[in-house]
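Protein chains: 2
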Amino acid sequence: MSEEKIAVIGGTGDLGFGLALRWSLAGAQIFIGSRDEKKAQDAAQRLKETVNAGGSPRTELLVSGCENSQAAAQASVVVMAVPFPAQAAILKSIRGSFKDAILVDTTVPLAATIGGKPTRLLGVWQGSAAEQARELTPPGTPVLSAFHNASAEALQDSSITPDCDILVCGDDEAAKKTLFSLVKLIPGLRPIDAGPLEMARIVESMTALLISVNRRYRVHNCGIRITGLPVEARSG
Amino acid sequence: MSEEKIAVIGGTGDLGFGLALRWSLAGAQIFIGSRDEKKAQDAAQRLKETVNAGGSPRTELLVSGCENSQAAAQASVVVMAVPFPAQAAILKSIRGSFKDAILVDTTVPLAATIGGKPTRLLGVWQGSAAEQARELTPPGTPVLSAFHNASAEALQDSSITPDCDILVCGDDEAAKKTLFSLVKLIPGLRPIDAGPLEMARIVESMTALLISVNRRYRVHNCGIRITGLPVEARSG
Chain D
2 MSEEKIAVIG GTGDLGFGLA LRWSLAGAQI FIGSRDEKKA QDAAQRLKET VNAGGSPRTE
62 LLVSGCENSQ AAAQASVVVM AVPFPAQAAI LKSIRGSFKD AILVDTTVPL AATIGGKPTR
122 LLGVWQGSAA EQARELTPPG TPVLSAFHNA SAEALQDSSI TPDCDILVCG DDEAAKKTLF
182 SLVKLIPGLR PIDAGPLEMA RIVESMTALL ISVNRRYRVH NCGIRITGLP VEARSG
Chain G
2 MSEEKIAVIG GTGDLGFGLA LRWSLAGAQI FIGSRDEKKA QDAAQRLKET VNAGGSPRTE
62 LLVSGCENSQ AAAQASVVVM AVPFPAQAAI LKSIRGSFKD AILVDTTVPL AATIGGKPTR
122 LLGVWQGSAA EQARELTPPG TPVLSAFHNA SAEALQDSSI TPDCDILVCG DDEAAKKTLF
182 SLVKLIPGLR PIDAGPLEMA RIVESMTALL ISVNRRYRVH NCGIRITGLP VEARSG
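Protein chains in written order, with my numbering: chain D, 2 to 237; chain G, 2 to 237.
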């Protein structure tokens, strides 16, 4: 059980819904955000039905659907899980609602988001989608970057245990510690401290690499694991 | 035992020496290249002594030291293992010596190679060091990119079994097949087809990421493994 209140902006999409589902299962309080409140409520309902259909009905699921800024206003952790072309506008529309929240950006500037190849990236002036997010958030808001390389497909299917490290980038150590605890709520995921937020330039691009490997090997759920870490990190 | 003749350009450096050592141990014929023939010969001698000191003296080691272009002239596979600032000039000096060889570029354009941070990259006009290498090699030469993420420290110590996947990028399937067999000669390494040569932009950058993780966790030999591959790929 986590005491964090998590807003998943874009929680109706594949990655957002997958994260919302997993955190719900772990007992966290989830606010699924969408530009369309009705769609957010539908996703919250779908989440409950998905859990119930899984054979383990839980009455204690704490999940609701809200318009994005309403979701952000209630959260201690705001997770951005929207397509790259929508990231800046949505951030501008919700940043006035942040109440001492940590922002976790999951955005990957894939060329595919504007009609290009999924194995290629767009250039972002600030260096990465995460650094763009930092520029668009209120001063003092801790901005982290994570979850780029987790399979959205695997997260949405609670019968699957993901097999992936979550590379977390950011400049706020306390915020990282909070996010590490949220990553550990999801079986199969292990948080790895990848360094400052600027390292998101690399971690974001690794999504395109994994898509390339998925294609070559005709699979859907490639992930990565970091080897050679000390024992205490191995357990997360 | 491999029938390939491998030139390791920059075989006196850490990564080059580590690869030469491992392939020698596997029975491949190695030409250690350096701009200075004497240094190359010294490295070949050091390689032999390293193997003998390891307690398993092998009289059949096929390793010699040569000036770079002499090494390239004798090889079916030419591995570039030089610092990024030296890559272009050395390629220009040896490309006239290629005899139907495959070029394997291992170069990473780390900012540290010109005095910057090891967790940052230089921009390369062609997109990656490997694509720069392709521009500088004779037409028809298959160019691959690999070995960026293997720990040079681990490769040089034959008592260590590396724990790392080798992401291979390139546009020539036959050349990839040859290189895959060379990767498999080294215990602990598994070749992964990462897609076309342009994916080297991402794979090269992952070296900077691993350096960042090494620093955070105070270790030296972080590597990566790809998860979620089909069983036939798991064994390489």
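A virtual CB, placed ideally from N, CA and C, is assigned to each residue, including glycine.
Shorter than 7 Å from the beta carbon of residue i to some beta carbon of chain G?
| i | result |
| --- | --- |
| L210(D) | yes |
| V125(D) | no |
| L186(D) | no |
| V169(D) | no |
| I130(D) | With the sequence shown as reference, residue 130(D) is identified as Ala, and Ile is not the correct amino acid for it. No, A130(D) lies away from the interface with chain G (no Cβ there is under 7 Å from its Cβ). |
| R226(D) | yes |
| Y218(D) | yes |
| V214(D) | yes |
| S160(D) | no |
| S182(D) | no |
| S146(D) | no |
| I7(D) | no |
| A195(D) | yes |
| S206(D) | yes |
| I10(D) | no |
| I103(D) | no |
| I91(D) | no |
In chain order, what residues of the same chain have a beta carbon less than 8 Å from the beta carbon of residue i, not counting five sequence neighbours either side?
| i | result |
| --- | --- |
| G237(D) | Low confidence applies to G237(D): its pLDDT is 47, below 50, so where it sits in the model is not reliable, and the reading given next is rough at best. Within the same chain, G237(D) has close Cβ partners F181, V184, K185, R191 and P192. |
| D101(G) | S77 |
| L211(D) | N150, C223, G224 and I225 |
| P231(D) | none |
| T138(G) | L92, R96, F99, L104 and V144 |
| A87(G) | G11 |
| A38(G) | Residue identity check: residue 38(G) is Glu in the sequence provided, not Ala. If we look at E38(G) and ignore the five residues flanking it on each side, its Cβ neighbours are G66, C67, E68 and Q71. |
| A44(D) | G12, T13, F18, A21, I33, S35 and G66 |
Please name the residue or residues paired with residue i in a DSSP beta bridge.
| i | result |
| --- | --- |
| K6(G) | Q30(G) |
| S35(D) | E68(D) |
| L111(G) | L122(G) |
What are the boundary residues of the alpha helix (DSSP H) that includes residue i?
| i | result |
| --- | --- |
| D43(D) | E38 to A54 |
| L92(G) | F85 to I95 |
Measure from the C-beta of residue i to each C-beta in chain D and report whether the shortest distance is under 7 Å.
| i | result |
| --- | --- |
| G237(G) | Caution applies to G237(G), whose pLDDT of 47 falls short of 50 and renders its modelled position unreliable; the model cannot decide the point. |
| C223(G) | yes |
| D164(G) | yes |
| G189(G) | no |
| V198(G) | It should be pointed out that residue 198(G) corresponds to Leu in this sequence rather than to Val. Not an interface residue. |
| D173(G) | no |
| R47(G) | no |
| A229(G) | A quick correction: the sequence has Gly, not Ala, at residue 229(G). G229(G) counts as touching chain D. |
| I31(G) | no |
| I115(G) | no |
| I95(G) | no |
For the beta strand (DSSP E) that residue i lies in, which residues bound it at each end?
| i | result |
| --- | --- |
| E61(D) | Per DSSP, E61(D) belongs to no beta strand (DSSP E) and is neither H nor E. |
| L104(G) | I103 to D106 |
| V80(G) | V78 to M81 |
Which residues in the same chain as residue i place their Cβ atom closer than 7 Å to its Cβ, once the five residues preceding and following it in sequence are excluded?
| i | result |
| --- | --- |
| G128(G) | E199 and R202 |
| R121(G) | A112 and A209 |
| G19(G) | A153, L156 and Q157 |
| V214(D) | C223 |
Less than 6 Å between C-beta atoms, sequence neighbours within five positions excluded: which residues of the same chain meet that for residue i?
| i | result |
| --- | --- |
| I187(D) | R23 |
| A155(D) | I161, P163 and N222 |
| E136(D) | Q127 |
| S98(G) | S70, A73 and A74 |
| K40(G) | T13 |
| G171(G) | L145, K177 and L198 |
**Message:** Restricting to runs no shorter than 3 residues, where is the beta strand (DSSP E) found entirely within the region 166 to 232 of chain D?
**Reply:** For the beta strand (DSSP E) assignment, the uninterrupted runs of no fewer than 3 residues enclosed by the region 166 to 232 of chain D are, from N- to C-terminal side, 190 to 196 and 224 to 228.
**Every unbroken alpha helix (DSSP H) within the region 118 to 169 of chain D, with a cutoff of 4 residues, ordered by chain** = Every alpha helix (DSSP H) of 4 residues or more that sits fully in the region 118 to 169 of chain D is shown, in chain order, as 130 to 136 and 153 to 157.
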